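First the structure, in the form of structure tokens, and then the observations on it.
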Amino acid sequence: MTIQDIPTPRVGLDAPAAARSVGLSKIYGAGDTRVVALDAVDVAFPRGEFTAIMGPSGAGKSTLMHCMAGLDSVTSGQTYIGTTELSSLNDRQLTALRRDEIGFVFQAYNLLPTLTALENITLPMDIAGRRPDQEWLDRVIDTVGLRPRLAHRPSELSGGQQQRVACARALAGRPEIVFADEPTGNLDSRSSADILSFLQTSVRAMGQTIVMVTHDPVAAAYADRVLFLADGRIVDGMSAPNRERVLERMKAFDAALGA
Ligand SMILES: Nc1ncnc2c1ncn2[C@@H]1O[C@H](COP(=O)(O)OP(=O)(O)OP(=O)(O)O)[C@@H](O)[C@H]1O
Numbered sequence: 001m002t003i004q005d006i007p008t009p010r011v012g013l014d015a016p017a018a019a020r021s022v023g024l025s026k027i028y029g030a031g032d033t034r035v036v037a038l039d040a041v042d043v044a045f046p047r048g049e050f051t052a053i054m055g056p057s058g059a060g061k062s063t064l065m066h067c068m069a070g071l072d073s074v075t076s077g078q079t080y081i082g083t084t085e086l087s088s089l090n091d092r093q094l095t096a097l098r099r100d101e102i103g104f105v106f107q108a109y110n111l112l113p114t115l116t117a118l119e120n121i122t123l124p125m126d127i128a129g130r131r132p133d134q135e136w137l138d139r140v141i142d143t144v145g146l147r148p149r150l151a152h153r154p155s156e157l158s159g160g161q162q163q164r165v166a167c168a169r170a171l172a173g174r175p176e177i178v179f180a181d182e183p184t185g186n187l188d189s190r191s192s193a194d195i196l197s198f199l200q201t202s203v204r205a206m207g208q209t210i211v212m213v214t215h216d217p218v219a220a221a222y223a224d225r226v227l228f229l230a231d232g233r234i235v236d237g238m239s240a241p242n243r244e245r246v247l248e249r250m251k252a253f254d255a256a257l258g259a
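For the sequence shown, position 60 matches number 60 in UniProt numbering, and the numbering has no gaps at all.
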């Protein structure tokens, strides 16, 4: 595989993207400790699509998500959620945008231990003073299969159930986009499959946009497309992935990088 074979993801205002970046670079440190974590990345995440981001450790996957979500500042370039350019916002506006437009799912579920599952799910809306859309909330709760557990606190739930609460919380406010950083990283295969099916259903049946970082070809196969990152650049892409093709591509990729 050569760099010329690599399809460049389409970036343009004509394609409605839930989020996109233009020339996004992120440099940590300076001098001897300088690390180019992202190197002029152009990427677009179209609405209603489930994108998996893969690549070796240190490739810049988490940095890309954090910059796209306004959790980390960029060194140069622009990031957009919908049509809003994040650097144009002040801190208060950025906090509101993160709360209202973005859902997050992290490996550590970040649930509040004193709240019930339902209270955790609706917490972002409660903080924002927004009433949940009950029909949508019911749909999310039923899709995630948590109705019998809504009154339970996180400590009374299994890891898989806690992650489902985290997913439901991310989706409950109908955000423009959900960023999930290894959402199934520490779950058994059955719980992982449940979570991934739920994320996939939320995209296919409810039109959600999801970006998920994963190391797992099985998880990536639930996505509509996989983007491969290496050394802070998007170096490859794959539509309609399946486990075998993703594994093959990862091997080819390792060989090319090792060459
Ligand atoms: N706060 C920071 N200060 C300095 N360097 C950082 C910081 N955060 C990340 N880096 C560096 O930026 C690069 C990209 O890191 P990032 O966490 O985005 O990679 P990743 O692809 O998510 O890796 P992994 O799969 O191991 O989680 C790495 O070389 C990392 O060491």
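For each residue, glycine too, the CB sits at the ideal point set by N, CA and C. Everything numeric in this text was worked out from a predicted model, so none of it was measured.
- For P217, the uninterrupted alpha helix (DSSP H) segment begins and ends at P217 to A220.
- When C-alpha distances from R139 are compared across G173, T114 and A40, the shortest belongs to G173.
- Three or more pairs of CB atoms, one per stretch, sit closer than 8 angstroms, so the region 140–155 contacts the region 186–201.
- According to the DSSP assignment, R233 belongs to no alpha helix (DSSP H) but to the beta strand (DSSP E) extending over R233 to S239.
- In the structure shown, G173 falls within a coil segment according to DSSP collapsed to helix, strand and coil.
- In this structure, the beta-carbon distance from R164 to E49 does not fall below 9 angstroms.
- Ranked by Cα distance from I177, the options D72, K61, I81 and G23 are led by I81.
- For T122, the enclosing alpha helix (DSSP H) covers residues A117 to A128.
- Remark: the C-beta of P241 is outside contact range of ligand 1, defined as less than 8 angstroms to any heavy atom.
- Every residue whose beta carbon comes nearer than 6 angstroms to a heavy atom of ligand 1 appears here in chain order: Y28, G29, V35, A37, G55, S57, G58, A59, G60, K61, S62 and T63.
- Ranked by Cα distance from M68, the options Q93, A252 and L24 are led by L24.
- Residues of the same chain with a CB within less than 6 angstroms of the CB of G185, apart from the 5 flanking positions on each side, are Q107 in chain order.
- Bounds of the alpha helix (DSSP H) holding A193 are S189 to R204.
- Boundaries of the alpha helix (DSSP H) harbouring T63: K61 to M68, taken from the DSSP string.
- Per DSSP, the beta bridge partners of A52 are M212 and V226.
- Here L24 is bridged, per DSSP, to V41.
- Within the same chain, and ignoring the five residues on either side of G207 in sequence, the residues whose Cβ sits closer than 6 angstroms to its Cβ are G48.
- An exposed status is given to Y28, since fewer than 16 other beta-carbon atoms sit within 10 Å of its beta-carbon.
- Of all C-beta pairs linking the region 234–250 to the region 209–225, three or more are shorter than 8 angstroms, placing the two stretches in contact.
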